[in-house]
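Some notes on the structure that comes next.
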Amino acid sequence: MEAIKTTKLTKYYGKARGIIDLDLAVEEGEFFGFIGPNGAGKSTTIRTLLGLLNPSSGSAEVLGKSIIGSRTEVLKDVGYLPSEAVFYQGMRVKEVLKLSADLRKTDCKKEREKLCERLQLDTNKRVEELSFGNRKKVGIVCALQHQPRLLILDEPTSGLDPLMQREFFEILQERNQSGTTVFLSSHILSEIQRNCTRAAIIREGRLIACDSVEALAKTNTKRVTVHGVVDLKALSDIRDLQTAEGSSSFLYSGEMKELLSVLAALDIRDLTIAEPDLEEIFMHYYTDGGDLA
Amino acid sequence: MTLVKHELKQGRTAFLIWTASIAFLMLTCIFLFPEMKGEMEEVGDMFSSMGSFTVAFGMDKINFGTLLGFYAVECGNILGLGGAFFAALCGIAVLSKEEKEHTAEFLLTHPVSRARIITEKLISVLLQIVLLNAIVFGLSVASIAAIGETVPWKELWMMHLAYFFLQVELAGICFGISAFLRRGSIGIGLGIATMMYFLNIIANITESAEFLKYITPFGYTEGADIVLNGELDTGLVVLGLAFGVIGIVAAYCRYCKKDIQ
């Protein structure tokens, strides 16, 4: 069964674009990454999946149920971590966590205590005294304590220190191994690459790629660096050309033979041809130009 | 009823401050009465001969020199205005504050239906209004007894009941408006309560503006009329409560479908 399935999901805010014709399918048990620049529509997608927003057209199913018709039932099995977790002023951390559990009509005291200990969260503090990172931890416990079948995380690591990030992802991996579906929205690519099996990329409200992380990262583009006198005018398929003190570096996605014949005619001292960084690949998805050749 | 509990806790400080303030002012007035009673002959004459000011507060119809007359005007204004402010503030903020303070995302991603959230929030507002009125009524009765006057049970009960209806109506109207708001609500709440108050004063002064009584709930809380007629104007009360119900229905219609941002 699909944990998340959207069909031509579209959301406009008045005339402003949110998301357009989004077809997304996440299998149950997957660790799924959702990548895109700011304003691409990641949060709009998530908020529609949670029933906070009504789609303009199209449909969304979460855990096999329509989010519009069975919002309340769906939310029972979902844990959501917002990118900016805000809680009621004046409440203590433990009161917020208890309130969250009470609203779910579950008693998850044991799990709550375990999570608070692992994340080193002081539950006696008042929420308005907390730093951004500590507020995030409260959000994490709220999202995880009832052991949901689906976790929807919107930029979960912002504000967390590296040690906490590691602990957090360890918890997520454990949950994933015991069957929980994780939907991770982020623009930190290394996070996606390390943890997710599949990922989708969204840009300007449209889904532009959805594949395994390996396949997304694998392209026939190479990063070429040459030292020496170089005239590259003869090459057509080059991008991102950087020249500095007698060396040139560029992304090449054309025929290898052509590259070599051009380079062979030049006075070159040194040459490296390497796989591009993941960042470079995604950067290309982000900016205009569409898919990779 | 988790949310009712939560709302009551969240509103506790404001509730206590409003209840204490209203009760304190009313008790002060009641305890001042015996002292004023001796001079009431003159004061009463003075109050009933101030032209439109007298009419505006209904002092042309009742004797300010009796406890009932005094109570209807003085305490009526305190509980009328104070209670109206409290009810309007409660109603206007209860739904919109979630979005204003960015807690909507937390609340609405829990498995609680929107209708249930609206219902529990409405209950919490009504509970606070009931509680405030019960406390004020109790303290009023006790202090009237304490200054040695006989408690005019029927009139007192009717006046307080009228104010209770007024608060429910205003809370209902503001509750409806609250569902449409995303931020900045307190001004609207206070504005509505104040406007209603002055509409009644205008209606009292100008005969041609008497139709305003059908709009403002202060029309049926006029202490002088209640004391004179010995009953509430059922028509006005029903009409007023209907406004409140319309507000509440509007809140359900709007909030259940609202995009939360």
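Residue numbers (this note's numbering), protein chains in the order written: chain S, 1477 to 1769; chain H, 18 to 278. Just so you know, even glycine gets a beta-carbon here, dropped at the ideal spot from N, CA and C.
Per-residue burial, residue i [other beta carbons within 10 Å of its own, 16 or more giving buried]
{"i": "Gly1490 of chain S", "result": "exposed"}
{"i": "Pro1752 of chain S", "result": "buried"}
{"i": "Cys270 of chain H", "result": "exposed"}
{"i": "Trp174 of chain H", "result": "exposed"}
{"i": "Asp1743 of chain S", "result": "exposed"}
{"i": "Phe1645 of chain S", "result": "buried"}
{"i": "Met1640 of chain S", "result": "buried"}
{"i": "Glu1506 of chain S", "result": "buried"}
{"i": "Ala1769 of chain S", "result": "At Ala1769 of chain S, the pLDDT of 36 sits below 50, so the modelled position is not reliable; the number obtained from the coordinates is stated separately. It counts as exposed."}
{"i": "Asp242 of chain H", "result": "buried"}
{"i": "Met213 of chain H", "result": "buried"}
{"i": "Ile190 of chain H", "result": "buried"}
{"i": "Ile1543 of chain S", "result": "buried"}
{"i": "Lys1585 of chain S", "result": "exposed"}
{"i": "Leu33 of chain H", "result": "exposed"}
{"i": "Gln1596 of chain S", "result": "exposed"}
{"i": "Asp1687 of chain S", "result": "exposed"}
{"i": "Gly1635 of chain S", "result": "buried"}
{"i": "Gly208 of chain H", "result": "exposed"}
{"i": "Thr36 of chain H", "result": "buried"}
{"i": "Lys171 of chain H", "result": "exposed"}
{"i": "Cys273 of chain H", "result": "exposed"}
{"i": "Asp62 of chain H", "result": "exposed"}
Backbone secondary structure at residue i - three-state DSSP
{"i": "Phe192 of chain H", "result": "helix"}
{"i": "Met1477 of chain S", "result": "coil"}
{"i": "Ile1749 of chain S", "result": "strand"}
{"i": "Glu118 of chain H", "result": "coil"}
{"i": "Arg1685 of chain S", "result": "The question names Arg, but residue 1685 of chain S in the sequence shown is Ala. Note: Ala1685 of chain S maps to strand in three-state DSSP."}
{"i": "Gln1718 of chain S", "result": "strand"}
{"i": "Thr223 of chain H", "result": "coil"}
{"i": "Lys1613 of chain S", "result": "helix"}
{"i": "Lys1586 of chain S", "result": "helix"}
{"i": "Gly1766 of chain S", "result": "The predicted position of Gly1766 of chain S is uncertain, since its pLDDT is 48 and thus under 50; no value can be drawn from it."}
{"i": "Thr1482 of chain S", "result": "strand"}
{"i": "Asn94 of chain H", "result": "helix"}
{"i": "His1622 of chain S", "result": "coil"}
{"i": "Arg271 of chain H", "result": "helix"}
{"i": "Asn1514 of chain S", "result": "coil"}
{"i": "Ala1710 of chain S", "result": "coil"}
{"i": "Thr126 of chain H", "result": "coil"}
{"i": "Met18 of chain H", "result": "coil"}
{"i": "Asp1578 of chain S", "result": "helix"}
{"i": "Gly201 of chain H", "result": "coil"}
{"i": "Ser1666 of chain S", "result": "helix"}
{"i": "Leu1633 of chain S", "result": "Reading the sequence as shown, one finds Thr at residue 1633 of chain S and not Leu. In this structure, Thr1633 of chain S counts as coil in the three-state DSSP scheme."}
{"i": "Ile135 of chain H", "result": "helix"}
{"i": "Leu1595 of chain S", "result": "coil"}
{"i": "Ser1607 of chain S", "result": "coil"}
{"i": "Asp62 of chain H", "result": "helix"}
{"i": "Val142 of chain H", "result": "helix"}
{"i": "Ile277 of chain H", "result": "coil"}
{"i": "Gly68 of chain H", "result": "coil"}
{"i": "Val147 of chain H", "result": "helix"}
Beta strand (DSSP E) segment containing residue i, residue limits
{"i": "Ala1676 of chain S", "result": "Arg1674 to Arg1679"}
{"i": "Lys54 of chain H", "result": "No beta strand (DSSP E) holds Lys54 of chain H; the alpha helix (DSSP H) holding it covers Arg29 to Gly55."}
{"i": "Glu1690 of chain S", "result": "Not the beta strand (DSSP E): Glu1690 of chain S falls in the alpha helix (DSSP H), residues Val1689 to Ala1693."}
{"i": "Lys1698 of chain S", "result": "Lys1698 to Val1705"}
{"i": "Arg1493 of chain S", "result": "Ala1492 to Glu1503"}
{"i": "Ser1725 of chain S", "result": "Ser1723 to Tyr1728"}
Beta-ladder partner(s) of residue i, from DSSP
{"i": "Gly1509 of chain S", "result": "S:Leu1660 and S:Ala1675"}
{"i": "Leu187 of chain H", "result": "Note: Leu187 of chain H sits in no beta bridge, so no partner."}
{"i": "Leu1627 of chain S", "result": "S:Gly1555 and S:Val1658"}
{"i": "Arg1602 of chain S", "result": "S:Arg1568"}
{"i": "Lys78 of chain H", "result": "Bridge partners of Lys78 of chain H: none, in fact."}
{"i": "Ile1470 of chain S", "result": "This structure gives no information on residue 1470 of chain S, because the portion of chain S shown stretches from 1477 to 1769."}
{"i": "Tyr1489 of chain S", "result": "S:Ala1492"}
Residue i: first and last residue of the uninterrupted alpha helix (DSSP H) it sits in
{"i": "Ile164 of chain H", "result": "No alpha helix (DSSP H) contains Ile164 of chain H, which DSSP labels as neither H nor E."}
{"i": "Arg1642 of chain S", "result": "Pro1638 to Gln1653"}
{"i": "Leu1733 of chain S", "result": "The sequence given here has Lys at residue 1733 of chain S, not Leu. Where Lys1733 of chain S is concerned, the enclosing alpha helix (DSSP H) stretches over Met1732 to Ala1740."}
{"i": "Leu84 of chain H", "result": "Leu84 to Phe87"}
Tell me the start and end of each unbroken beta strand (DSSP E) in the stretch 1516 to 1571 of chain S that is at least 3 residues and wholly inside, in chain order. Runs found: 1533 to 1538 and 1554 to 1557.
Counting only runs that start and end within the stretch 208 to 266 of chain H, where is the beta strand (DSSP E) found for 3 or more residues in a row? Within the stretch 208 to 266 of chain H, no complete beta strand (DSSP E) run reaches 3 residues.
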